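Line by line, the protein sequences give chains A and B. This note's numbering applies: residue 1 is where the first sequence begins, and numbers increase by one. This note's numbering applies: residue 1001 is where the second sequence begins, and numbers increase by one. Take a look at the structure set out below.
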Amino acid sequence: MNKSLKINTYLILILFAIASLYPLFHVFITSFKQVEEYIENRVFLPAQWVLDNYKVAIEQGHLLYYFRNNLILIPAAMLFYLFVCVTAGFAFGRLRFRLRLPLFLTTLFLMIFPQMLLSLQIFQICNHLYLTDTFLGVILVWTAYFAPFGTYIMATYFSSIPYEIIESARVDGASTWRILTQIATPMALPMLGFLSIIGFQSMWNELPFSLLLLQSMEKRTVTLGVAMVQGQYGIPDPMRAAGIMLASFIPILVFLFFQKYITKGAFAGSLKG
Amino acid sequence: MALKKTDAKTQEKLRMDLLKTARSWQPRKRASLQTQENRDALLLITPLMILTVVFIFFPMGSNFVYSFTDWRGFGALNWIGFDNFWTMFRDERFWQSVKNTLILLLFIPLGVFIPLCLAALLRGGLKGWRFFRAVIYLPQVLGYVILGMIFNLFLRSNGPLNSLFEMAGLEAWALDWLNRPLLALLSLGTVYGVFLRIGFGTIYFLAAMGSVDEQLYEAARVDGAGWWTRFWHITLPSIRFNIEFLVVMSVIENVARAFSFIYTFSRGGPGYSTHTLEYSLYTLGFTNGRIGYASAWSVILFFICAVIAIMQIRLMRWNDE
């Protein structure tokens, strides 16, 4: 590559890097500005870095409640989600049974319907089952909604395990359950890592279902709590910014630690069908 | 054409399966293994099936039922036939939502083209390409709710973008991005339809380009093909499937995933100017409480999504062959 081309390439990349970081950077510096300062100084670094906004966001925004809720809700939902995806994914990917193809295609078909399309009715159903405003309701609904995609990913992965391995275990008298737990699942660990990250991100960022199901303040998730603040007028921007920072630091940490999984998995998930 | 190919292969496979099954009838033991496998498989998919039947199929079905009623969340169901649909087709908001959704789709080509270019640049293997890949992907991890809030803050009439324009002496560019009907929709399209597509699109194309056979490039280089020729004649045809896949994905994101972003970015406003069909379901069903009427809208959205889903499944299976 010649030199001027190289410089141009770098310029373009730097431009996009700035564009993708700047909005977040702006929120970051704003969250440390005093409310009065932000009126005058929107763009530059704060003259004085203060933590007041974070204090207000945590105390008046009930963020500690929300973090506690996420801490209970997300691990529980994740475990259930992984269980459902692995069992169904294994059945679709590696077992032969009647109606396999029609059922699998139906699962694929379900992947795209928007949450809003379902949530009017899901709200009624949960009302009848006494699941509104409970964590159990959200866990079930989240799993039902996100599992078809996870199942698809696991099914494609399991179908890449050679039949011979499964067959020989079967000839040795291993039950399907043992094959799944002791042979197939250990082989699928990298994919499970990717699936966990996808599941975590979708659940952490989920809005429509939690918005409708978790009505009381004490039950809200972090994302929901911060989104509710957005609708209220008269909250100064620096405080909003602090809320945004608090809601995003965990997803950002997850990304930084598991970047490799994400970049690899994003492809694996959609390459094969 | 592609479908026919699939059909032929599927039939062939079915025939083989049938043969296998027929053969397996003879030794007793294999037959029992087969039924055992059948039973185990059905047991393993039970959790998924129960969940999807209760929380996906049943709600979808109820949408159809409720669309023939004027239910408002309480009281008895009152059948009104197709009235909701007639009202809907005469409802200005419906056509505005359809129009807004279609306008958002116009942003897709740019939202696919930019990642394609960035991936091609990053693939050049410049020093630090991994860093750029990570930075470009980063906004994606925040989720639409948070991103909506960030860009709402960023684009306000007194926000940082306009401050930057003013400092640069471009007062004329400092527009009220979120409060003028058409402008708000275009802002939504630019941010959601283009900017937020870049992160995933870039790593996706980058990975796809990584799996192209290196020998093709070698051969082309020997033949003296330049960078552009190689990109046009090797890279693009090799990842054609991935491009199509990303287009379909973008359609899905615009038609069926935009609610969370719009909710914090513009709340569908000003007025109805950033309401997509999906977002209107929320306003109608939850803000106005007209569940029966909203269900009629859901039925329309259901059919749109069904068409997209079938397109996507076809694409995935075609690639599988």
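Think of the CB as a built atom: it goes at the ideal place given N, C-alpha and C, for glycine as much as any other residue. Computed from a prediction, not measured in an experiment: that's the story for all the values here.
The beta carbon of Asp52(A) sits no closer than 7 Å to any beta carbon of chain B.
Minimum Cα-Cα distance from Gly225(A) among the listed residues Asn70(A), Met191(A), Pro190(A) and Pro186(A) corresponds to Asn70(A).
For Leu1116(B), the enclosing alpha helix (DSSP H) begins and ends at Ile1108 to Arg1123.
Judged by DSSP in its simplified three-state form, Trp1095(B) adopts helix.
The three-state secondary structure of Thr1069(B), taken from DSSP, is strand.
Straight-line spacing of the CA atoms in Asn1100(B) and Ala1258(B) works out to 12 Å. Under the Cβ criterion of 7 Å, Asp1176(B) is not counted among the residues facing chain A. Proximity of Ser1260(B) to chain A, defined by a Cβ-Cβ separation below 7 Å, is satisfied.
Contact between the segment 1048-1059 of chain B and the segment 84-99 of chain A is present: 3 or more CB-CB pairs across the two stretches fall below 8 Å. Residue pairing of Trp1079(B) in beta bridges, as defined by DSSP: Thr1069(B). Residue nearest to Leu63(A) within the set Lys219(A), Phe255(A) and Tyr261(A) is Lys219(A) (criterion: CA-CA distance). Nearest neighbour of Leu105(A) by Cα position, chosen from Tyr130(A), Tyr152(A), Val138(A) and Arg94(A), turns out to be Tyr152(A). At a cut-off of 7 Å between beta carbons, Asn2(A) makes no contact with chain B. Taking the C-beta atoms as reference points, Phe1068(B) is found no nearer than 7 Å to Asn1152(B). Here the alpha carbons of Ile1313(B) and Leu1164(B) stand approximately 45 Å from one another. Taking a C-beta distance under 7 Å as the contact criterion, Phe146(A) and Ser202(A) qualify as a contact pair.
Between the segment 1093-1111 of chain B and the segment 1178-1193 of chain B, the count of Cβ pairs shorter than 8 Å is three or higher; the stretches touch. At least one CB of chain A lies nearer than 7 Å to the CB of Asp1040(B). Judged by DSSP secondary structure, Pro208(A) falls within the alpha helix (DSSP H) whose first and last residues are Pro208 to Leu213. Residues of the segment 1241-1271 of chain B with a C-beta atom less than 8 Å from some C-beta of chain A are Asn1242, Phe1245, Met1249, Ile1252, Val1255, Ala1256, Arg1257, Phe1259, Ser1260, Tyr1263, Thr1264 and Arg1267, listed in chain order. Around the CB of Lys33(A), 16 or more other CB atoms lie within 10 Å, so the residue is classed as buried. Ranked by Cα distance from Ser31(A), the options Lys260(A), Pro251(A), Gln124(A) and Ala247(A) are led by Ala247(A). In the same chain as Arg1230(B), and ignoring 5 residues on each side of it, the C-beta atoms closer than 8 Å to its own belong to Tyr1217, Ala1220 and Arg1221, in chain order.
Contact annotation: Arg94(A) and Ile165(A) have beta-carbon atoms that are not nearer than 7 Å. Counting only the Cα atoms, Tyr1137(B) lies some 12 Å from Leu1206(B).
The DSSP-derived three-state label of Ser1187(B) is helix.
For Gln230(A), the enclosing alpha helix (DSSP H) covers residues Val222 to Gln230. Annotated three-state conformation of Asn8(A) is helix, per DSSP. Listed by position along chain B, the residues whose Cβ is nearer than 9 Å to that of Val43(A) are Pro1160, Ser1163, Leu1164 and Met1167. The Cβ atoms of Ala57(A) and Met239(A) lie closer than 7 Å to each other. The shortest CA-to-CA distance from Ser1097(B) to any of Ile1262(B), Leu1116(B), Thr1202(B) and Gln1215(B) is the one to Ile1262(B). For Val171(A), the three-state secondary structure derived from DSSP is helix. Comparing C-alpha distances from Arg1290(B) to each of Arg1072(B), Phe1064(B) and Asp1091(B) shows the shortest one belongs to Arg1072(B). Around the beta carbon of Leu1178(B), 16 or more other beta carbons sit within 10 angstroms, so the residue counts as buried. In the structure shown, the three-state DSSP call for Gln1312(B) is helix.
Short of 8 Å from the beta carbon of Leu1122(B), and not among the five residues preceding or following it, lie these beta carbons of its own chain, in chain order: Trp1129, Phe1132, Arg1133, Thr1202 and Leu1206.
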